[in-house]
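Once you know that position 214 of the sequence shown is 214 in full-length UniProt numbering, the rest is easy, because the numbers rise by one and skip nothing.
Worksheet: one structure, shown below.
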Amino acid sequence: MFKCVKLCVCPLNNFTLRKTIPLFRTTMAAESTTDLKDKRVPYKSRNEVLLEKDIVKEPFKLFESWFHEANNTPGIIEANAMFIATSTKNGIPSGRMVLLKSYGKNGFVFFTNYNSRKGNELAENPQASLAFYWEPLKRSVRIEGHVEKTSDKESDDYFQSRPYASKIGAIASDQSRPCESRDQMSKITEELRQKYKEGDYVPRPKHWGGYVVIPKVIEFWQGQSDRVHDRIVFKRPVPGEPLGPHSHEGEDGWYYERLFP
Numbered sequence: 001m002f003k004c005v006k007l008c009v010c011p012l013n014n015f016t017l018r019k020t021i022p023l024f025r026t027t028m029a030a031e032s033t034t035d036l037k038d039k040r041v042p043y044k045s046r047n048e049v050l051l052e053k054d055i056v057k058e059p060f061k062l063f064e065s066w067f068h069e070a071n072n073t074p075g076i077i078e079a080n081a082m083f084i085a086t087s088t089k090n091g092i093p094s095g096r097m098v099l100l101k102s103y104g105k106n107g108f109v110f111f112t113n114y115n116s117r118k119g120n121e122l123a124e125n126p127q128a129s130l131a132f133y134w135e136p137l138k139r140s141v142r143i144e145g146h147v148e149k150t151s152d153k154e155s156d157d158y159f160q161s162r163p164y165a166s167k168i169g170a171i172a173s174d175q176s177r178p179c180e181s182r183d184q185m186s187k188i189t190e191e192l193r194q195k196y197k198e199g200d201y202v203p204r205p206k207h208w209g210g211y212v213v214i215p216k217v218i219e220f221w222q223g224q225s226d227r228v229h230d231r232i233v234f235k236r237p238v239p240g241e242p243l244g245p246h247s248h249e250g251e252d253g254w255y256y257e258r259l260f261p
């Protein structure tokens, strides 16, 4: 509720009366005019459940299987598109979509501007969460882990593999900073095109490179139409901490559990 304070001066004894007059009353519920309660789509049927006995007991192998299927499914244009959440050391979060560029037992790699908001947040709090969602398959993978920069060589090699225009864009963009106009960006880009002709060697700027997310948690989710979804989570054991009664030993130092949806 917002209020207006009106000052009333009484002519009889020259005193000022402060009177609070409500302008209007509102609540968040009243402002929610878009009703999405009935927006619901079917997921998988009861005979398509995800059972522990049917899965690989090592998360990178399972991710490889799911990713390969997603990458070859019509309707999934960028199976490597993933959401990454970062936060400041005080816990203020931010998130955005990026593209996974490689993965393996060492972790999940993406490239970006080190001076961007996510770069600054990772510098002070090197933890991140990733999420993939492949709608046609009704599957999602969520990853939590520690983040490190890739080597200069890995960043250089990937940068040189990029198209010419992408290299110019990486140098031109002062990512996450305010920009005067689209014309300003175009002017900077054109100046760089004059400096580095197509076919020339374009050096990787020091403010741009790769990160690797080294997972501690990898969760596999598969949607069910009755909303009793399947969730299998793989974790690295914490030294000195016993496994729970529903934990199962996996491969390569991982253990896994089924979670309630």
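Just so you know, even glycine gets a beta-carbon here, dropped at the ideal spot from N, CA and C.
Note that this is a predicted model, so its numbers are computed, not measured.
Contact under 8 Å by Cβ, residue i with residue j
| i | j | result |
| --- | --- | --- |
| E198 | Y164 | yes |
| A79 | N90 | no |
| S225 | S94 | no |
| S166 | S116 | no |
| R142 | S129 | yes |
| F132 | W208 | no |
| I218 | F83 | no |
| G104 | F67 | no |
| N113 | S173 | yes |
| R236 | W254 | yes |
Nonlocal neighbours in the same chain, by C-beta distance under 7 Å from residue i, ignoring five residues either side
| i | result |
| --- | --- |
| P11 | For P11, the predicted model reports a pLDDT of 48, less than 50, meaning its position is unreliable; a value from the coordinates is still stated below. Excluding sequence neighbours, P11 sits near nothing in its chain. |
| V213 | G107, F108, A128, L130, I143, G145 and V147 |
| E154 | G210 |
| A81 | M97 and L99 |
| I171 | L192 and P205 |
Beta-carbon proximity list for residue i, same chain, < 6 Å, skipping 5 on both sides
| i | result |
| --- | --- |
| P42 | S225 |
| S102 | V109 |
| D156 | R204 |
| G75 | P136 |
Close beta carbons around residue i, own chain, < 8 Å, minus the five adjacent residues each side
| i | result |
| --- | --- |
| T73 | A79, W134, P136 and L137 |
| G169 | T189 |
| N14 | Note that N14 has pLDDT 49, beneath the 50 cutoff, so the model's placement of it is unreliable and no number is given. |
Cα-Cα separation between residue i and residue j, rounded to whole angstroms
| i | j | result |
| --- | --- | --- |
| E52 | K37 | 33 Å |
| F111 | D152 | 12 Å |
| K39 | E69 | 27 Å |
| L228 | Y256 | Note that residue 228 corresponds to Val in the displayed sequence, not to Leu. Computed Cα separation, rounded: 19 Å. |
| P239 | H246 | 18 Å |
| P261 | V49 | 13 Å |
| D35 | S161 | 46 Å |
| N47 | T33 | 38 Å |
Residue-level contact to chain B via CB, residue i, 8 Å cutoff
| i | result |
| --- | --- |
| E121 | Given the protein chain composition of this structure (a single chain), no chain B is represented. |
query = How about the segment 249-256 and the segment 56-64: do they share at least three Cβ pairs that are nearer than 8 Å?
reply = yes
ask   = Per the contact definition of three or more C-beta pairs closer than 8 Å, is the segment 176-194 in contact with the segment 122-133?
value = no
Runs of alpha helix (DSSP H) wholly within the segment 51-108 (minimum 4 residues, chain order) = Residue ranges of uninterrupted alpha helix (DSSP H) with 4 or more members, entirely inside the segment 51-108 and ordered along the chain, are 59-71.
ask   = Between the segment 198-215 and the segment 181-188, do at least 3 Cβ pairs fall closer than 8 Å?
value = no
query = If you pair each beta-carbon of the segment 226-234 with each one of the segment 147-165, do three or more pairs fall below 8 Å?
reply = no
message = To test your reading of the DSSP string, which unbroken beta strand (DSSP E) runs of 3 or more residues are found completely within the segment 112-156?
response = 127-134 and 139-149
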